[in-house]
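Trainee:
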Amino acid sequence: MQTHQRTLLTVICEAVLEHKLEQALEKLGAPGWTIADARGRGGRGVRSAGWDTEGNIRVEVICNRELAQNIADYLHEHYYANFAMVCYLSAVEVFRADKF
Amino acid sequence: MQTHQRTLLTVICEAVLEHKLEQALEKLGAPGWTIADARGRGGRGVRSAGWDTEGNIRVEVICNRELAQNIADYLHEHYYANFAMVCYLSAVEVFRADKF
Amino acid sequence: MQTHQRTLLTVICEAVLEHKLEQALEKLGAPGWTIADARGRGGRGVRSAGWDTEGNIRVEVICNRELAQNIADYLHEHYYANFAMVCYLSAVEVFRADKF
Amino acid sequence: MGLSDPVVLFFLLGFTASLLKSELKLPASLYETLSILLLLAIGLKGGVELAKQASWSLLGQSVAVLAMGVVLPLLAFPLLRVFGFARADAASLVAHYGSVSVGTFAVAVAYLAAQGIVFEEYLPLFVVVLEVPAILVGIVLAKGIRRDTDWKALGHELFLGKSIVLLIGGLLIGWIAGPTGVKPLEPLFFTLFKPLLALFLLEMGLIAASQLGSLKRYGVPLVVFATLMPLVSSVAGAGLGVALGLSVGGVAMLATLAASASYIAVPAAMRMAVPEANPSLSLTASLGITFPFNIVIGIPLYLQLAQWLAATL
Amino acid sequence: MGLSDPVVLFFLLGFTASLLKSELKLPASLYETLSILLLLAIGLKGGVELAKQASWSLLGQSVAVLAMGVVLPLLAFPLLRVFGFARADAASLVAHYGSVSVGTFAVAVAYLAAQGIVFEEYLPLFVVVLEVPAILVGIVLAKGIRRDTDWKALGHELFLGKSIVLLIGGLLIGWIAGPTGVKPLEPLFFTLFKPLLALFLLEMGLIAASQLGSLKRYGVPLVVFATLMPLVSSVAGAGLGVALGLSVGGVAMLATLAASASYIAVPAAMRMAVPEANPSLSLTASLGITFPFNIVIGIPLYLQLAQWLAATL
Amino acid sequence: MGLSDPVVLFFLLGFTASLLKSELKLPASLYETLSILLLLAIGLKGGVELAKQASWSLLGQSVAVLAMGVVLPLLAFPLLRVFGFARADAASLVAHYGSVSVGTFAVAVAYLAAQGIVFEEYLPLFVVVLEVPAILVGIVLAKGIRRDTDWKALGHELFLGKSIVLLIGGLLIGWIAGPTGVKPLEPLFFTLFKPLLALFLLEMGLIAASQLGSLKRYGVPLVVFATLMPLVSSVAGAGLGVALGLSVGGVAMLATLAASASYIAVPAAMRMAVPEANPSLSLTASLGITFPFNIVIGIPLYLQLAQWLAATL
Ligand SMILES: Nc1ncnc2c1ncn2[C@@H]1O[C@H](COP(=O)(O)O)[C@@H](O)[C@H]1O
Ligand SMILES: Nc1ncnc2c1ncn2[C@@H]1O[C@H](COP(=O)(O)O)[C@@H](O)[C@H]1O
Ligand SMILES: Nc1ncnc2c1ncn2[C@@H]1O[C@H](COP(=O)(O)O)[C@@H](O)[C@H]1O
Ligand code: NA
Ligand code: NA
Ligand code: NA
């Protein structure tokens, strides 16, 4: 099968944002996303997932480069100041161009 | 240490496929794999992991480009029609050439 | 927002190493990390996460290329001989250059 | 009406909370633990009874019950096809309804106990008997008896699935250990049965309501099927119960078993065996409609049916 | 002193283990399960009592208790501002302390039971009443009554959060099912209440001690606030209890409720509604200082206060 | 024979299900919860007894038991070396077998209770005493007393591991709270002990059988060691029990403790301290062979040994 270039946006942030994030992704037109639980440490301290609101989630969105940028911009604007959060992009190849 | 180019195949699909997928990976000669639980949304709706059979898994296989293509082809042929599933490839560098 | 090139180091290893790994990452100066639970199969057999000490973890560190190499070297030297472990690098773009 | 029984109230609490989009959620492992305990409890209870009275007549009854588990799906299938359901979907639906729901059975146990009505203690045996046959019927209906079906893998899936192993395991343990051996286990499996069932139903309420979201996608025919099918099946079950000479409580229980639809064992088995069937369709019907219907309305109704049959015949 | 009560000892075990950096950890889902059971148990107990004696006077008492939940945060806020806390942080802190801790309430229940002291059985109702108002006060203090606050989303968050739904759900189930209906649930919710509470406190000890790490970052003012605030609030609560004509046990319980600080519902709500407040600050205070303080020192003290008031007035 | 005791039957159910590759699986957090409860229950029971009869003679007995925990691994090590095991592997194996299995102890408690045989209630103390020393012996055997061993980290690992903290914590709580203080905890820790143990053994059966897969890799020497070692150790344990003047039940319990092999605390500690040892080797032996052997055959045998010794001496 032939492959097509897309961008993978990965967001690691406080678990408490999950619902808001999903709403934002839907609004901004993300074709889909995958979420997994995580823990970690960053500029805003240890997030050990030992206590209710204390865990992280790891969200992945495969889409075109422009949308990935848009989503990242939106998240930075709305949540970066007050929530633990990290975003990064990487290049991936997908098999169905129409899906992403 | 020196690094070597390999391909990372990531598969996100229904958790119910875990066992079949492992059998397929073994058959096709994957040198190893890593699986984690996930949830998400895609073309085939929300998969919220709230109910027994309703979660996703996220499978990673590091191997050479050709094998990654083979595995992806195999999965598309066998499961794509009836199961929620997404595959993508990315470029990685590994440290032990003989291992992957 | 502008993006900056960084390296993503991913380590998949026995869960029992989590604490030691965190100490090593801190010592070597990693700017942060993210950990998730995983299971899998590799050269050192099946790790099914079904029993206490039997699971894997998947650790991600975003940093500059040199540090990523350093960490990988350190881990290979200290743990590779006796523990199930896989490391690989990939290229990512981050949004805040100062953070990583 | 069973509506004021606390276990039903727990179900309604979960159902309402979910409809109101409350963030209430039970940990997945609690739900799993509860279902393991219910399956073992039901198995143990049946096994203790077998220890007291295993007999040839019981074997005969089991065969009759098994036959019902084969015949009901066969009758329902053409009807669903007429209503426009795709072959695979119709087959999957009848597999769900021909099999049984252990949660529904447990609520009926609690309901009869609260009413002070006894039933033949070996009825859990019929839960085991009814679990598997309808799945086989469903698969054959979907695919025909094709060569490419991996019957070995399938048999493995069916007879070594979680619920069957726990039910049969509980049965065997109860049977071997007998009443005195099982006695020290009672504080967990019998004394705590009802409160654990209440918690289980809280979760079932949450899940059942979350299935309703997909209801409008499938529309009226599914709702009609998911309420009529249990009513019709309950009459068949009650009839068989009377024919087998069961007590009023036993007739009500067999009617409940017939009326109940699986939402654990069957979805998992059908997903692998008939992947082209839409899993959400069957789950919406069995979990979103039939389960609440049976819990809140059905079970009291089936008891009345049994009492009416006893008074009439 | 309550120190030799086993539930307090379990707390101290967890606390010590965590300070010694033991690797002891309870599974997250066990903690969730325990808190669900405690919330339901407290709700059920209150509901059964409502079934016996719902009345207009009870409604009046509830309104008075609610008023206390509004007034205490309003009084504490300016004080915190004077002590140099940022607006959002001060608002978040008073929201935590104006609301209640179900864990603390449960320990007080166990403590009074061990002392053989009865209290008005409907007191769980006041847990429900006190849960929400302080959160609203905190939000308004942080943001003013601004147009851009999404009050609809907020109301949803507040009234459909996990703890409120379980407390009110339990209350309603207890109320509807009544004493006889709830009887079969007692083995889990009442007989096992104390040992389950002990396990819960083991986990709370682990968590409370892990909060102490951030203590030095916030320093003396926070420690002073987190020990003085419960003492002052307890006097207010006890005073109100006397004014409402509660028994000695009831006065002690209301003092405990006033003195307790939320660490479940409020943190979650404030994180979304006032994200600029530092969540770790409030949690360190309520969970790392006030909770242990109340469990080990506070509750026995509040009982003595209640007894002294009864003897004096 | 213990074979018809329901807890053993639960073990066999899990074992069989796993051999048949059933998909039955208990949630990981349930297993963790059960092991926490068993550890606490055993600790509490011992602590209550200490509250009644702590004495110098008990201290003396503990020292003797501790000595056994040091000597047995020292004797077994050279034998294993002769049989061709690598130094690190032999050291790790004897650490596992010199330490104890709380699960095996719990089954013995249930077995003696079912037989109506009493034993010295302070025996849980010996579980604590035996847990750690063999690990130290194993490490020294593997590495010598080397400078580069981080003894501080190791001590932390050993004395603040989950099982030791819960056992000692339970002991202390039982000791401080005493019989009346612990009374309200009994419904969970004592009344439910046996059914919770049954569930625990269901999971142990699943795990034990899954270890058998690696058996053929290690072959006959491992099987021989894993069945002979408990037999030999049990004789040592029984001998010591007689020497200490224990009752028949006490002798059987001490024999069981000696015969049992750790599969929780020791694997975790050895993995970090002696990483060059193959963890799967020790776990296959202790969990896949010795645990089932003790549960099904060993414990009844050790009781007979104790009875025979009592009759003979
Ligand atoms: N350099 C990094 N590499 C990988 N993950 C990171 C890194 N920095 C932060 N994270 C993750 O992102 C979360 C939020 O980061 P922060 O906002 O910097 O506290 C952390 O809890 C980590 O899980
Ligand atoms: N664009 C996407 N980005 C990330 N994950 C996706 C995306 N689309 C689908 N997925 C994941 O793949 C699963 C199956 O996708 P689908 O078959 O499209 O329903 C979903 O449940 C998601 O977890
Ligand atoms: N080729 C691979 N692709 C993805 N994950 C792998 C691969 N090989 C090993 N792993 C993961 O790394 C862990 C340790 O590998 P090993 O040390 O080779 O046993 C395994 O349990 C897998 O989770
Ligand atoms: Na049925
Ligand atoms: Na308060
Ligand atoms: Na031993």
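Protein chains in written order, with the working numbering: chain D, 1 to 100; chain H, 1001 to 1100; chain A, 2001 to 2100; chain L, 3001 to 3313; chain E, 4001 to 4313; chain W, 5001 to 5313. Glycine included, C-beta positions come from ideal geometry on N, C-alpha and C. The structure presented is a predicted model; accordingly, all values stated were derived computationally and were not measured.
Just the Cα atoms here: how many angstroms apart are residue 5126 of chain W and residue 5062 of chain W?
Mentor: Their backbone Cα atoms lie some 7 Å apart in a straight line.
Trainee: Pair every Cβ in the region 5229-5241 of chain W with every Cβ in the region 5251-5268 of chain W, then say whether three or more of these pairs are closer than 8 Å.
Mentor: Yes, since at least three Cβ pairs between the region 5229-5241 of chain W and the region 5251-5268 of chain W fall closer than 8 Å, the two stretches touch.
Trainee: Which residues of the region 1081-1095 of chain H have a Cβ closer than 8 Å to any Cβ of chain D? Give them in chain order.
Mentor: Listed by position along the chain: 1086, 1087, 1088, 1089, 1090, 1091.
Trainee: Using DSSP's beta-bridge definition, name the partner residues of residue 7 of chain D.
Mentor: Paired residue(s): D:63, D:91.
Trainee: So residue 4289 of chain E and residue 4226 of chain E are in contact, right, with Cβ under 8 Å, and what is the actual spacing, rounded?
Mentor: That belief holds up - the Cβ atoms of residue 4289 of chain E and residue 4226 of chain E are roughly 4 Å apart, short of 8 Å.
Trainee: Shorter than 7 Å, the distance from the beta carbon of residue 2018 of chain A to the closest heavy atom of ligand 3, or not?
Mentor: Checking every heavy atom of ligand 3 against the Cβ of residue 2018 of chain A, none is found closer than 7 Å.
Trainee: Please return the same chain residues whose Cβ sits closer than 8 Å to the Cβ of residue 4128 of chain E, not counting the five positions on each side in sequence.
Mentor: Taken in chain order, the residues that qualify are 4043, 4046, 4164, 4167, 4168, 4171.
Trainee: Do you know how far the Cα of residue 1094 of chain H is from the Cα of residue 45 of chain D?
Mentor: Their backbone Cα atoms lie some 30 Å apart in a straight line.
Trainee: For residue 1099 of chain H, which residues in chain A fall below 7 Å Cβ to Cβ?
Mentor: 2043, listed in chain order.
Trainee: On the three-state DSSP scale, how would you describe residue 4081 of chain E?
Mentor: It is helical.
Trainee: Closest Cβ-Cβ distance between residue 5267 of chain W and chain E: below 8 Å?
Mentor: Residue 5267 of chain W does not count as touching chain E.
Trainee: Verify the CB distance criterion: does residue 5297 of chain W have a CB-CB separation below 8 Å to chain E?
Mentor: Not one chain E Cβ lies under 8 Å of residue 5297 of chain W.
Trainee: At 9 Å on the CB atoms, spell out the chain B contacts of residue 1071 of chain H, in chain order.
Mentor: Any reference to chain B falls outside this structure, whose protein chains are D, H, A, L, E and W.
Trainee: Any idea if residue 3308 of chain L is buried or exposed, counting beta-carbon neighbours within 10 angstroms, 16 or more meaning buried?
Mentor: Exposed.
Trainee: Measuring from each Cβ to the nearest heavy atom of ligand 2, keep the ones under 7 Å and list them in chain order.
Mentor: In chain order, the hits are D:30, D:31, D:32, D:33, D:34, D:60, D:61, D:62, D:63, D:99, D:100, H:1012, H:1013, H:1038, H:1039, H:1040, H:1041, H:1042, H:1043, H:1044, H:1045, H:1047, H:1056, H:1084, H:1085, H:1086.
Trainee: Going along the chain, which unbroken runs of the alpha helix (DSSP H) with 4 or more residues stay wholly within the region 5154-5206 of chain W?
Mentor: Correct list: 5162-5182.
Trainee: Given a cut-off of 8 Å on the beta-carbon distance, is the pair residue 5153 of chain W and residue 5248 of chain W in contact?
Mentor: For residue 5153 of chain W and residue 5248 of chain W, no; Cβs fall outside 8 Å.
Trainee: Does the distance between the C-beta of residue 4257 of chain E and the nearest non-hydrogen atom of ligand 5 fall short of 7 Å?
Mentor: Yes.
Trainee: On the DSSP bridge assignment, give the partners of residue 2085 of chain A in chain order.
Mentor: According to DSSP, residue 2085 of chain A bridges with A:2013.
Trainee: Any beta carbon of chain H sitting closer than 8 Å to that of residue 15 of chain D?
Mentor: Not one chain H Cβ lies under 8 Å of residue 15 of chain D.
Trainee: What separation, rounded to the nearest whole angstrom, lies between the Cα atoms of residue 3178 of chain L and residue 3252 of chain L?
Mentor: Near 26 Å, if we compare the C-alpha coordinates of residue 3252 of chain L and residue 3178 of chain L.
Trainee: In the structure shown, what three-state DSSP assignment does residue 4001 of chain E receive?
Mentor: Here residue 4001 of chain E scores only 43 on pLDDT, less than 50, and its place in the model is too uncertain to base an answer on.
Trainee: Which runs of the alpha helix (DSSP H) fall wholly inside the region 4104-4150 of chain E and span at least 4 residues, in chain order?
Mentor: Here the runs fully enclosed are 4124-4131, 4133-4143.
Trainee: How would you call residue 5054 of chain W, buried or exposed, if buried means at least 16 neighbouring beta carbons within 10 angstroms?
Mentor: The residue is exposed, with fewer than 16 neighbouring Cβ atoms inside 10 Å.
Trainee: State yes or no: is the C-beta of residue 4271 of chain E within less than 8 Å of the C-beta of residue 16 of chain D?
Mentor: In this structure, residue 16 of chain D lies closer than 8 Å to residue 4271 of chain E by Cβ.
Trainee: With 16 other CB atoms within 10 Å as the buried threshold, where does residue 5011 of chain W fall?
Mentor: So residue 5011 of chain W ends up on the buried side.
Trainee: Compare the Cα-Cα distances from residue 5264 of chain W to each of W:5132, W:5114, W:5023 and report the closest residue.
Mentor: Nearest C-alpha to residue 5264 of chain W: W:5132.
Trainee: Using a 10 Å radius around the Cβ and a threshold of 16 neighbouring Cβ atoms, would you call residue 2033 of chain A buried or exposed?
Mentor: Buried, by the Cβ-count rule.
Trainee: Which word fits residue 5175 of chain W, buried or exposed, when buried means at least 16 other C-beta atoms lie within 10 angstroms of its C-beta?
Mentor: Counting Cβ neighbours within 10 Å, residue 5175 of chain W comes out buried, since at least 16 surround it.
Trainee: Once DSSP output is grouped into helix, strand and coil, what is the label at residue 5261 of chain W?
Mentor: The answer is coil: DSSP assigns residue 5261 of chain W none of H, G, I, E or B.
Trainee: Checking contacts by CB at 8 Å: is residue 2040 of chain A closer than that to chain H?
Mentor: Yes, residue 2040 of chain A lies at the interface with chain H (some Cβ there is under 8 Å from its Cβ).
Trainee: Closest to residue 5188 of chain W by C-alpha separation, out of W:5277, W:5040, W:5015, would be which residue?
Mentor: It is W:5040.
Trainee: Could you spell out the range, first to last residue, of the alpha helix (DSSP H) harbouring residue 4091 of chain E?
Mentor: Its alpha helix (DSSP H) spans residues 4087-4098.
Trainee: Quick one: list the residues of chain E neighbouring residue 5033 of chain W, beta-carbon separation under 7 Å, in chain order.
Mentor: Under the 7 Å cutoff, chain E gives 4027, 4030.
Trainee: Taking 7 Å as the cut-off, is the CB of residue 4100 of chain E close to at least one heavy atom of ligand 5?
Mentor: Yes - ligand 5 has a heavy atom lying nearer than 7 Å to the Cβ of residue 4100 of chain E.
Trainee: According to DSSP, what are the bridge partners of residue 2029 of chain A?
Mentor: According to DSSP, residue 2029 of chain A bridges with nothing at all.
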